[in-house]
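Data first, discussion second: the structure below is written as structure tokens.
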Amino acid sequence: QKEVEQDPGPLSVPEGAIVSLNCTYSNSAFQYFMWYRQYSRKGPELLMYTYSSGNKEDGRFTAQVDKSSKYISLFIRDSQPSDSATYLCAMSFNDYKLSFGAGTTVTVRA
Amino acid sequence: GAVVSQHPSRVICKSGTSVKIECRSLDFQATTMFWYRQFPKQSLMLMATSNEGSKATYEQGVEKDKFLINHASLTLSTLTVTSAHPEDSSFYICSATRRTSGGRDQFFGPGTRLTVL
């Protein structure tokens with residue numbers, strides 16, 4: 832079993848739709864949860880960073896963490912074609928090391 | 004913002020040669036830099052953790068003698084792939100953590116595409 836499981840996608844949505852992305856994990860010691868966006872042949876860019884359970888909102892992006900279920904989500908409202916990318920979830924203990932999900936490729940159709 | 008650069012962005016080499024990849028934090032001091040590799044449609048796999056002035060810590064299964072890491076300053080880390088073979092072809096990405104950051108945020112470089120013929 833992988834440490835971090837992520838819905839493989841690919842996901843295709845019309846412009847303006849809500850994009851819903853999820854990851855599950857097996858290790859309850861993870862405390863920091865992140866979502867990265869990666870465009871083709873580029874490095875990942877941090878989108879959201881949360882600590883422990885709860886919700887965090889930043890503009891059109893909302894991150895949710897449910898530690899009891901070992902489940903995290905990212906929602907993108909009013910999706911735009913420029914949101915088309917691969918989204919990676921990542922998690923960390925206290926020592927800076929990140930464990931990544933495999934990534935979900937999202938296409939927002941104009 | 005926090006900018007991390009990598010050089011070169013793309014390299015093609017013959018089997019058996021060595022390739023050096025540079026990772027620089029341009030506008031901040033990085034206490035720690037990380038090296039990842041990413042195969043097509045797969046996630047980033049951590050190869051090693053590099054702290055300035057000390058030896059790198061390698062993940063299980065990563066050959067230290069094949070992937071040489073040097074972190075000579077707070078703004079520069081290098082990864083040298085020695086005696087590269089076609090199976091080493093991959094996308095190599097570095098990341099850097101800010102010295103003054105209290106969180107666990109990392110800033111990633113744009114990656115280096117290595118193709119070994």
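Protein sequences appear in the order of chains A and B.
Under my numbering, the first residue of the first sequence carries the number 832, and numbering increases by one thereafter.
Under my numbering, the first residue of the second sequence carries the number 4, and numbering increases by one thereafter.
Here a beta-carbon is modelled for each residue, glycine too, at the ideal position from N, C-alpha and C.
9 Å Cβ cutoff, residue i in contact with chain A
i      : result
B:R116 : yes
B:F111 : yes
B:S21  : no
B:S98  : yes
B:Q32  : no
B:G106 : Interpretation of B:G106 is limited by its pLDDT of 45, a score under 50 that renders its predicted location unreliable; no figure is taken from the coordinates.
B:V7   : yes
Own chain partners of residue i with C-beta closer than 6 Å, once the 5 adjacent residues on each side are dropped
i      : result
A:F931 : L919 and A921
B:V6   : L29 and D30
B:A59  : A51, S53 and I72
B:G105 : With a pLDDT of only 48 at B:G105, under the threshold of 50, the placement of this residue in the model should not be trusted; the figure read from the coordinates follows. Nothing listed; no residue qualifies.
B:A99  : V7, S28, A33, M36 and F110
A:K898 : S884
B:F94  : Q41, G114 and R116
B:S80  : C26, M36, S53 and H74
A:Y902 : T855
Exposed unless 16 or more other CB atoms sit within 10 angstroms - verdict on residue i
i      : result
B:C120 : Per the sequence shown, the amino acid found at residue 120 of chain B is Leu instead of Cys. Counting Cβ neighbours within 10 Å, B:L120 comes out exposed, since fewer than 16 surround it.
A:L929 : buried
A:A941 : exposed
A:Y927 : buried
A:G890 : exposed
A:A894 : buried
A:P875 : buried
B:S46  : buried
A:G934 : buried
A:Q869 : buried
B:E90  : exposed
Own chain residues within Cβ distance below 7 Å of residue i, not counting five before or after
i      : result
B:T20  : A87
A:V939 : V844, E846, S910, Q911, P912, D914 and S915
A:V835 : C854, Y856, C920, M922, S930, F931 and G932
C-beta neighbour in chain B for residue i, strict 9 Å
i      : result
A:V939 : no
A:A933 : yes
A:L852 : no
A:L842 : no
A:L877 : yes
A:G885 : no
A:Y856 : no
A:S859 : no
A:K898 : no
A:Q837 : yes
Own chain partners of residue i with C-beta closer than 8 Å, once the 5 adjacent residues on each side are dropped
i     : result
B:D68 : T85
9 Å Cβ cutoff, residue i in contact with chain E
i      : result
A:R872 : Considering every chain present, this structure includes no chain E. Its protein chains are A and B.
Residue i beta carbon near the ligand NAP (any heavy atom closer than 8 Å)
i      : result
A:S910 : Looking at this structure, you won't find the ligand NAP or any other ligand, since it has none at all.
* Return the residues of the segment 900–921 of chain A that lie within a Cβ-Cβ distance of less than 7 Å from chain B, sorted by chain order. => L919
* Asked: When Cβ atoms are compared, which residues of the segment 63–85 of chain B fall closer than 7 Å to chain A?
  -> none
* the segment 33–53 of chain B touching the segment 63–74 of chain B, judged by at least three CB pairs closer than 8 Å -> yes
* Looking at chain A, which residues of the segment 43–60 of chain B have a Cβ within less than 7 Å of any of its Cβ atoms? -> Q45, S46, L47, L49 and T52
* **Any 3 or more C-beta pairs closer than 8 Å across the segment 878–887 of chain A and the segment 856–870 of chain A** => yes
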